[in-house]
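Taken in sequence, the protein lines are chains A and B.
For what it's worth, UniProt numbering labels the leading residue of the first sequence as 1, then goes sequentially.
For what it's worth, UniProt numbering labels the leading residue of the second sequence as 1, then goes sequentially.
One structure is given below, encoded as structure tokens.
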Amino acid sequence: MWRGLWTLVARAARGPRRPCTRQGSGAPAPASGATVFALSSGQGRCGIAVIRTSGPASGQALRSLTAPRDLPPARKACLRLLSDPRSGEPLDRALVLWFPGPQSFTGEDCAEFHVHGGPAVVSGVLQALGSVPGLRPAEAGEFTRRAFAHGKLSLTEVEGLADLIHAETEAQRRQALRQLDGELSHLCRGWAETLTKALAHVEAYIDFGEDDNLEEGVLDRADSEVRELEVALGAHLRDARRGQRLRSGAHVVVAGPPNAGKSSLVNLLSRKPVSIVSPEPGTTRDVLETPVDLGGFPALLSDTAGLREGVGPVEQEGVRRAQKSCNFLDTVVIPAGAGSPNGRSQRLLLVLNKSDLLPAGGPDPSADLPPHLLLSCLTGEGLDGLLEALRKELAALCGDPSTGPPLLTRARHQHHLQGCLDALGHYKQAKDLALATEALRVARGHLTRITGGGGTEEILDIIFQDFCVGK
Amino acid sequence: MFSFRGCSRWVAVSLTKQHHPSSRFSGDSAAPWTPRFDVVVIGGGHAGTEAAAAAARCGSRTLLLTHRVDTIGQMSCNPSFGGIGKGHLMREVDALDGLCSRICDQSGVHYKVLNRRKGPAVWGLRAQIDRKLYKQNMQKEILNTPLLTVQEGAAEDLILTEPEPEHTGKYRVSGVVLVDGSTVYAESVVLTTGTFLRGMIVIGLEMHPAGRLGDQPSIGLAQTLEKLGFVVGRLKTGTPPRIAKESINFSILNKRTPDNPSIPFSFINETVWIKPEDQLPCYLTHTNPQVDEIVLENLHLNCHVKETTKGPRYCPSIESKVLRFPNRLHQVWLEPEGMDSDLIYPQGLSVTLPAELQEKMITCIRGLEKAKMIQPGKENASCPSHQCFYYFLPFILWPGYGVQYDYLDPRQITPSLETHLVQRLFFAGQINGTTGYEEAAAQGVIAGINASLRVRHKPPFVISRTEGYIGVLIDDLTTLGTNEPYRMFTSRAEFRLSLRPDNADSRLTFRGYKEAGCVSQQRYERATWMKSSLEEGISVLKSIEFPSSKWKNLIPEASISIGKSLPLRALDVLKYEEVDIELLAKAVPEPLKKYTKCRELAERLKIEATYESVLLHQQQEIKEVQRDEALQLPKDLDYLTLRDVSLSHEVREKLHFSRPQTIGAASRIPGVTPAAIINLLRFVKTTQQRQAAMDRLPKTDQHLCNTDKLEGRQL
């Protein structure tokens, strides 16, 4: 392998030196890292949404979406038809801007797409960008961080950055939690687990296959696991339903003791009979969800079973689901009763229903309760006040530009799932085991972007747990 | 000047009788007879020898202080070097002109590259080594290294002085006190005491201090280090019994023959010293349920296994194998200890049972039915390595044993291996919680280089984890610490495809030559030639383009699909498993023929082609990591009291303990959040602006000129 050189070196040293200094042939072009993209404008209803890219492949991205035209003149807004580079399907007519680096916000090549604000358009453009080679969704605060690295931000501007990143990661975490509640969560975690295990076994085969006796068929098992994973991922990505409820908007849960009038409130807010109401406690036994528009903000309203103990199994399950539901909510509306149902600090509106039953002009029965609203679902009295309070809460939640919209989260998911699937394809093709493992590492990297985790220690833990290796 | 003196003076007296602490062996006849050196290295093991030689190569007058000259180069555990991941480390040590790879090329008895079928990025160069030869060759090398003096003696204490104000640290080391009370002054001190810090040997229920000669001075040192405030932990490791060669029935066992041809470890060697046909084979046998039974029945006689001292997650001993993976057959490799050695090393049989039970256990293994454990009395004459063991182990038999020892939490050292606490004091090897000769050697080279650079007021020589396994090793240790003996695996390296055994020279030799001065001119020229030849070769391979159908005609052996009409570069064709430069040059003799002449060059071109497309992608990730690593954090930050930065208490404590030197390292510490990183970034930027303003002022104080400029260098 590394032999036979000495004579040549000696010869080279003796004889006239060979003209062998053609530089940079094998070196890659000086790229300054990956190119990232993100929705830069806030969530909620808007006429125009701004999507930005930053990095060396920005020009490429701009050209791919507006093909076959050339780049627009620098820093001049131009109208272009955006289309998906894979399918050619038109996405939107949009203003595009091209900022060649270093005269740009981040100091790198940047592109901006000012598209119409509908969720379908935005998610279409984001997915199209995700399919351009070299592009990936931006991490929290990545644009600002890049700008900072290129000396484009003053120190005062950076001060807000840490808070922003904190808020963004927190919001993303909650977003991810919420999105991952349900089927997709089980799928993703299951896939990540399978993949980590397969990777750990292949890594073990590399690091210990020769010296220690791993059981037979370690590689074959990993291969078949990867094949199954590939099929599952492929099916998931092709499936239009994706087993995933897109929860657009804040999650508002109505919770409280039985017979407080939760279902009446839900029906009132959604202006349609979502839940059956009756004077009998325990009428609602499951979590009922309905998308509503509350003061201009999209929200998912959940009616829950009354929180009480000592009832039949069906209702108990309903209570359990109600409590679980409260773990993923943004706002809890509680008609009557005090305190958060699960003791966590969440946005909480305490609402006392059936105010029509209070004796007029009588003493306030709730003087010692925390701040609350009085409401009568029967007469509609107090509804305006409740709506206003809800609007404020939702504005605080949704108006915050740092909260990633669900469709962005969905674009991320899709980007990483597709990336994972592509990498698994490379695993199959690779004959060199180091290359194959690299493909698995990349695939796992994509999945762990969705589920979290992903360190080397995790791999080593599995190796040492599953195999007897050592001296 | 003040000194932390240890205890037990009377022991020191008794020790000096057996040593010759005043005898110095010098490879440099011109070395002045004065106890004042640039660099003093304490310990003559694998880390110590590399450190001493590296410091001397860098041009520092160096003293290697060791208990006994005749134990220099002692392989105290397995009779082998290299392996998967470890072989990578050896190539990197060699690229920095370190010793162990070259010595192994002169001392092996069985050379074999592991993982041959798994891709060149994970090939593991490995060899069985003749203990006696290795020791001889290492001693010859060490005793003939210019500027390097060797002295027998045991260090008892460190001499400490006031710290230099322009660097962080509470003290500065300025020399060593020996057990005989004499002193040696030094500008830098490298501590490589291995398992000697309060070492205890465990066999069954018996525990003995790790050697009459070894333990006392190291207890003194251990106390000094503890008094200074170093955080100390405890680890354990073990070694198997040795078996008499003639008592083994090899005829019924699986034989493993060495590679033909043998692949040398060192970039500057074309061949190894011994022909493949003269090399010794290894043999494979397995444990059986009887072994499990003996282990399980006698757990109560085995305090090493029961103790809570942290052992590794992997299985270090047959006891842990049986306990964690019951009802399985475990491999036992029977490895030769040397050309003329009567000993066989049963790899995989590390055990701490009482000696007589060890013998009982061994004799129920296939091929070992009549095996005899070696008695050092008989062995004395034929195996010189026994001396070391005698000094470890004053027992009648030579059973396997466990060792428990102190290590210092490696988060207390910088990536240049200098301690945060004591300026110019460097730690390398097992003292930092690692296991293995190669891990020790790798740290030794880095500690030696940096000890020397420090004396010469030059910036430290740090290898990033994007540049080498050495970087991965040191970054893992210094940012994450370890609670099991740290061992290198290729799975620890995230840029495994770039950090290959074949290209260690192009990654490290140039830096070693230019920044550290630890690389010989000869090696540098060779690496330069290789690099330019590779670059030229790759560009030539890229320039040759034919349609795939033509390639298919030229090289019918290759499984090229001719479906696509796109032209293929020669480099793409070389990616096919079955194609090599030889085959390619037959198809296109001009200009490729000349690349077949040097086998190493041909092999390396093939490897570059294999990984070309993936490396392009990996290069991007490497750049991102390097960008973070270019952002230096001030070394003297007091994270606990720092007011200008908003950091949580938890993050402050983590940063305070690990003292990351770059933003990149900080971001790898578990629990340090992205927001904290940004706050740190902002702080660095502000500090730099202030520093820049300071730099514009006229310099009146000499100290300012000497200040390490690295802090303000990048971003």
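Positions of the beta carbon are idealized from the N, C-alpha and C atoms, including for glycine.
Note that the coordinates shown come from a computational prediction; the quantities given were computed from them, not determined experimentally.
Within chain A, the residues that residue i reaches when beta carbons sit closer than 7 Å
{"i": "residue 755 of chain B", "result": "Outside the shown range of chain B (1 to 715) lies residue 755 of chain B, about which nothing can therefore be said."}
Contacts of residue i in chain B (Cβ-Cβ under 7 Å)
{"i": "A:F148", "result": "L681"}
{"i": "A:E203", "result": "S491"}
Whole-number beta carbon distance between residue j and residue i, since they are thought to touch under 8 Å
{"i": "B:D628", "j": "B:S667", "result": "6 Å"}
{"i": "A:G55", "j": "B:I678", "result": "Contact flag wrong, Cβ pair sits at about 19 Å."}
{"i": "B:S266", "j": "B:S101", "result": "4 Å"}
{"i": "A:C468", "j": "B:R328", "result": "7 Å"}
{"i": "A:T53", "j": "A:E203", "result": "A:T53 to A:E203, Cβ: 34 Å. No contact."}
{"i": "B:A186", "j": "B:G194", "result": "About 20 Å; that fails the 8 Å criterion."}
{"i": "B:N260", "j": "B:D105", "result": "With 8 Å as the limit, B:N260 and B:D105 do not qualify as a contact, their Cβ atoms being about 16 Å apart."}
{"i": "B:R126", "j": "B:G87", "result": "6 Å"}
Proximal chain B residues relative to residue i, where beta-carbon distance stays under 9 Å
{"i": "A:F37", "result": "Near A:F37 there are no residues of chain B at all, since even the closest Cβ is about 16 Å away, more than 9 Å."}
Partners in chain A for residue i, counting only beta-carbon separations shorter than 9 Å
{"i": "B:T479", "result": "Ordered by position in chain A, no residue passes the 9 Å Cβ test against B:T479, which lies about 13 Å from the chain."}
Per-residue contacts from residue i into chain A (C-beta, under 8 Å)
{"i": "B:E577", "result": "K431 and D432"}
{"i": "B:E624", "result": "G33 and A34"}
{"i": "B:L497", "result": "A434, L435 and E438"}
{"i": "B:I470", "result": "Going along chain A, no residue has its Cβ under 8 Å from B:I470, so there is no contact; the nearest lies around 17 Å."}
{"i": "B:V614", "result": "L435 and E438"}
{"i": "residue 736 of chain B", "result": "The displayed coordinates of chain B run from 1 to 715. Any statement about residue 736 of chain B would go beyond what the structure contains."}
Beta-carbon contacts of residue i that lie in its chain and below 6 Å, excluding the five residues immediately before and after
{"i": "A:G134", "result": "T35 and A57"}
{"i": "B:R91", "result": "P501 and A504"}
{"i": "B:A47", "result": "T192, A428, G429, A440, Q443 and G444"}
{"i": "A:P291", "result": "L300"}
{"i": "B:G332", "result": "With the sequence shown as reference, residue 332 of chain B is identified as Val, and Gly is not the correct amino acid for it. T285, P346, G348 and L349, listed in sequence order."}
{"i": "residue 734 of chain B", "result": "With chain B represented from 1 up to 715, any question about residue 734 of chain B goes unanswered, as that position is not in the structure."}
{"i": "A:I51", "result": "L39, F113 and V125"}
{"i": "B:G85", "result": "M488, F489 and T490"}
Closer than 7 Å at the beta carbon, the chain C residues around residue i
{"i": "B:A121", "result": "Within the model displayed, chain C is absent; protein chains A and B are what it includes."}
Contacts that residue i makes with chain B (C-beta to C-beta distance below 8 Å)
{"i": "A:I206", "result": "I84, N115, K118, V122, T490 and S491"}
Own chain residues within Cβ distance below 7 Å of residue i, not counting five before or after
{"i": "A:K354", "result": "G261 and S376"}
{"i": "B:L566", "result": "none"}
{"i": "B:G671", "result": "E650, V651 and K654"}
{"i": "B:L704", "result": "Confidence in B:L704 is poor, its pLDDT being 37 and thus under 50, which makes the residue's placement unreliable; the coordinate value appears in the next sentence. The answer is none, since no qualifying residue turns up."}
{"i": "B:R116", "result": "W123"}
{"i": "B:L205", "result": "L301 and C303"}
{"i": "B:E621", "result": "none"}
{"i": "B:T168", "result": "H420, K635 and D636"}
{"i": "B:G44", "result": "L64, T66, T71 and I72"}
Neighbourhood of residue i by C-beta, 8 Å cutoff - its chain only, sequence neighbours within 5 removed
{"i": "B:R366", "result": "I252, L253, T285, H286 and N288"}
{"i": "A:T456", "result": "none"}
{"i": "A:Q414", "result": "Q127, G130 and L237"}
Chain-ordered residues of the stretch 98-118 of chain B with a beta carbon less than 7 Å from chain A: So the close ones are L114, N115 and K118.
When Cβ atoms are compared, which residues of the stretch 107-130 of chain A fall closer than 9 Å to chain B? For the stretch 107-130 of chain A, the beta-carbon criterion of a distance under 9 Å to any beta-carbon of chain B is satisfied by none of its residues.
Could you name the residues of the stretch 184-196 of chain A whose beta carbon sits closer than 7 Å to any beta carbon of chain B, in the order they occur along the chain? From the stretch 184-196 of chain A, no residue has a Cβ closer than 7 Å to chain B.
Taking any Cβ of chain B, which residues in the stretch 131-144 of chain A have a Cβ under 9 Å from it, in chain order? Against chain B - using a Cβ distance shorter than 9 Å - the residues of the stretch 131-144 of chain A are G134, E139, A140, G141 and T144.
If contact means a Cβ-Cβ distance below 9 Å, which residues of the stretch 442-462 of chain A contact chain B? The stretch 442-462 of chain A vs chain B, Cβ under 9 Å: V442, G455, T456, E457, I459, L460 and D461.
Jot down the residue ranges of each uninterrupted alpha helix (DSSP H) in the stretch 526-580 of chain B, minimum 4 residues, whole runs only, in chain order. Taken in chain order, the unbroken stretches of alpha helix (DSSP H) that lie wholly in the stretch 526-580 of chain B and span 4 residues or more are 548-554 and 570-574.
Members of the stretch 658-678 of chain B that neighbour chain A once the beta carbon cut-off is set at 9 Å: Contacts with chain A (Cβ-Cβ distance below 9 Å) from the stretch 658-678 of chain B involve P670, T673, P674, A675, A676, I677 and I678, listed in chain order.
What are the start and end residues of each continuous beta strand (DSSP E) run of 3 or more residues lying completely inside the stretch 39-72 of chain B, in chain order? Within the stretch 39-72 of chain B, the complete beta strand (DSSP E) runs of at least 3 residues are 62-66.
List, from N- to C-terminal side, the alpha helix (DSSP H) runs of 4 residues or more that fit wholly inside the stretch 190-266 of chain B. Taking only runs of at least 4 residues, the alpha helix (DSSP H) segments lying wholly in the stretch 190-266 of chain B are 215-228.
Jot down the residue ranges of each uninterrupted alpha helix (DSSP H) in the stretch 403-442 of chain B, minimum 4 residues, whole runs only, in chain order. Correct list: empty.
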